[in-house]
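Working notes, beginning with the structure itself.
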Amino acid sequence: MFKIEPYLPEIEKICKRYDARSLTLFGSALGDEFDPENSDLDFLLELYGFHKGLKRYLAIKAELEQLLQKKVDLVMPETVKNPYLKESIYSRVQKCYES
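Laid out in structure tokens, this is it:
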């Protein structure tokens, strides 16, 4: 399991800087199958508005990877159309930021 708690103050700063609505950790990072050497970190990211959305998305991804020293995958919730995948994602989540 990945311990995200020590990083939450910096994550909050990143999210505020790029006008994020919420950032939620999901996937293997929350379970025993997390491999500190090889696993990436998966987050659901919601942004306010669409102004410079791609630029903000990429900046958040880069800053999280630098902070956490792990590869980061960001998923926009509205892009998850498959109900089984959506159920799998939301079955195990940890909110990291919400404005």
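Going by the numbering used here, the first residue of the sequence shown is number 76, and it counts up by one from there. For every residue, glycine included, the Cβ atom is placed at its ideal position computed from N, Cα and C.
Sheet register partners of residue i (DSSP bridge)
{"i": "A95", "result": "L122"}
{"i": "L149", "result": "F118"}
For residue i, the first and last residue of its enclosing alpha helix (DSSP H)
{"i": "E140", "result": "G128 to L143"}
{"i": "K161", "result": "P158 to Y165"}
Exposure label - residue i; buried when at least 16 CB within 10 Å
{"i": "A137", "result": "exposed"}
{"i": "F213", "result": "Residue 213 is absent from the model: the chain starts at 76 and stops at 174."}
{"i": "L120", "result": "buried"}
{"i": "D117", "result": "buried"}
{"i": "R92", "result": "exposed"}
{"i": "L129", "result": "exposed"}
Cβ neighbours of residue i in the same chain (closer than 6 Å, five flanking residues each side left out)
{"i": "I86", "result": "C171 and Y172"}
Limits of the beta strand (DSSP E) - the one that residue i falls within
{"i": "Y172", "result": "V168 to E173"}
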